[in-house]
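S.K.: Sharing a structure below in structure tokens format, with a few things to ask.
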Amino acid sequence: MLGSQADFTKLTVQTSWFIPITRQSILAVSGRGGVALPQRDTKTIPIHERFYLGGVTTLRGYLQDSVGPATKASDGTLTPLGGESMVVFNAEVRLSQTEGFGLVLFYDTGNVWSDRSIMLSDLRASSGMGIRYNTPVGPLRLDYGQKIHRRSGESPGELHFSIGNMF
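The sequence shown runs 541 to 707 under our numbering.
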């Protein structure tokens, strides 16, 4: 509706840690969580303000925004609906190889829920590896993430290309 307003509060928190393992390897871990709270007369969070997970910066074994609540069309395609709460954890072992190149081994887990009930027993997960090439504007990243405990009809994993750091 043109000119409509929604009253809500959206809270997100994040922490990242970078722990040297050897001179050429680092353990990088990150945790993020969020909740959106409708206020006053607002009953639901607008779809463009909801949380979405899946893709190159969250759960690399999944397509962009494909984790969490969705609606299924008659042709079987899924449309993400987003949610009012989310949690995501990422861990990477970053290995420097030769000048400018590196390898990454990673594990990602998280989910999005339609309401504010975060259920850690309902997390989706993926693991995989990636190649990095450092450039002046940030690393070029090529990652392949494989789903852990994939569901019926899901692909085994996803390939992602991006520029910049994961976190």
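Here a beta-carbon is modelled for each residue, glycine too, at the ideal position from N, C-alpha and C.
Taking only the alpha-carbon atoms, compute the straight-line gap between arginine 600 and threonine 562 and give it to the nearest angstrom.
M.R.: One-based indexing of the sequence shown puts residue 600 at position 60. One-based indexing of the sequence shown puts residue 562 at position 22. When rounded, the distance between both Cα atoms is 26 Å.
S.K.: Are the Cβ atoms of serine 565 and leucine 680 separated by less than 8 Å?
M.R.: Walking along the sequence shown from the start, residue 565 turns up at place 25. Walking along the sequence shown from the start, residue 680 turns up at place 140. Against a cut-off of 8 Å, the Cβ pair of leucine 680 and serine 565 comes out as no contact.
S.K.: Under three-state DSSP, which class holds glutamate 694?
M.R.: If you number the sequence shown from 1, residue 694 lands on position 154. Coil.
S.K.: Is the stretch 590-610 in contact with the stretch 637-657, if contact means three or more CB pairs nearer than 8 Å?
M.R.: Counting Cβ pairs under 8 Å, three or more are found: they touch.
S.K.: If you count every other CB in all the chains shown that lies within 10 Å of the CB of methionine 541, and 16 or more means buried, which is it?
M.R.: In the sequence shown, counting from the first residue as 1, residue 541 sits at position 1. Low per-residue confidence applies at methionine 541: pLDDT is 48, beneath 50, and the placement is therefore not dependable, though the value from the model is reported in the following sentence. Methionine 541 is exposed by the Cβ-count criterion.
S.K.: Taking 8 Å as the threshold (C-beta atoms), are glycine 574 and methionine 626 in contact?
M.R.: For the purposes of this step, residue 626 is taken as the residue at position 86 of the sequence shown. For the purposes of this step, residue 574 is taken as the residue at position 34 of the sequence shown. Taking 8 Å as the Cβ cut-off, methionine 626 and glycine 574 qualify as a contacting pair.
S.K.: Hey, could you find the ends of the beta strand (DSSP E) glutamate 632 is sitting in?
M.R.: Within the sequence shown, numbered from 1, the residue matching residue 632 stands at position 92. Its beta strand (DSSP E) spans residues 625-636.
S.K.: Let me know the secondary structure DSSP gives serine 666 once reduced to three states.
M.R.: Here residue 666 corresponds to residue number 126 of the sequence shown, with the count starting at 1. In this structure, serine 666 counts as strand in the three-state DSSP scheme.
S.K.: Looking at asparagine 630: is its Cβ nearer than 8 Å to the Cβ of serine 570?
M.R.: As a first step, residue 630 is located in the sequence shown; it is residue number 90 there, counting from the start. As a first step, residue 570 is located in the sequence shown; it is residue number 30 there, counting from the start. It is a contact, given that the beta carbons lie within the stated cut-off.
S.K.: So what does asparagine 651 bridge to, in DSSP terms?
M.R.: Here residue 651 refers to the residue found at position 111 when the sequence shown is read from its first residue. Note: asparagine 651 sits in a beta bridge opposite Val627.
S.K.: Going by DSSP, what residue range makes up the beta strand (DSSP E) through lysine 583?
M.R.: If you number the sequence shown from 1, residue 583 lands on position 43. No beta strand (DSSP E) holds lysine 583; DSSP gives it neither H nor E.
S.K.: Could you pull the start and end residues of the beta strand (DSSP E) that leucine 618 belongs to?
M.R.: Position 78 of the sequence shown, counted from the first residue, corresponds to residue 618. Counting along the chain, the beta strand (DSSP E) containing leucine 618 begins and ends at 618-620.
S.K.: What does the alpha-carbon distance come out to for the pair glycine 678 and glutamate 639?
M.R.: Along the sequence shown, read from residue 1 onward, the residue named residue 678 stands at position 138. Along the sequence shown, read from residue 1 onward, the residue named residue 639 stands at position 99. Those two C-alpha atoms are separated by around 15 Å.
S.K.: Going along the chain, which residues of its own chain have a beta-carbon closer than 8 Å to the beta-carbon of isoleucine 703, five neighbours each way excluded?
M.R.: In the sequence shown, residue 703 corresponds to position 163, counting from 1. Excluding sequence neighbours, isoleucine 703 sits near Thr675, Val677, Gly678, Pro679, Leu680, Arg681.
S.K.: In terms of DSSP beta bridges, what is proline 679 paired with?
M.R.: Here residue 679 refers to the residue found at position 139 of the sequence shown. Answer is none; proline 679 lacks a bridge partner.
S.K.: Measure the C-alpha to C-alpha separation of phenylalanine 641 and isoleucine 671 and round it to an integer number of angstroms.
M.R.: Numbered from 1 along the sequence shown, position 101 holds the residue referred to as residue 641. Numbered from 1 along the sequence shown, position 131 holds the residue referred to as residue 671. Looking at the two C-alpha atoms, the distance is approximately 7 Å.
S.K.: For tryptophan 557, which option in Met669, Gln637, Glu632 has the closest C-alpha, if you only look at C-alpha atoms?
M.R.: Position 17 of the sequence shown, counted from the start, is the residue given in the question as residue 557. Comparing Cα positions, the closest option is Glu632.
S.K.: Can you tell me whether DSSP reads serine 657 as helix, strand or coil?
M.R.: The residue labelled residue 657 in the question sits at position 117 within the sequence shown. Here serine 657 sits in coil by DSSP.
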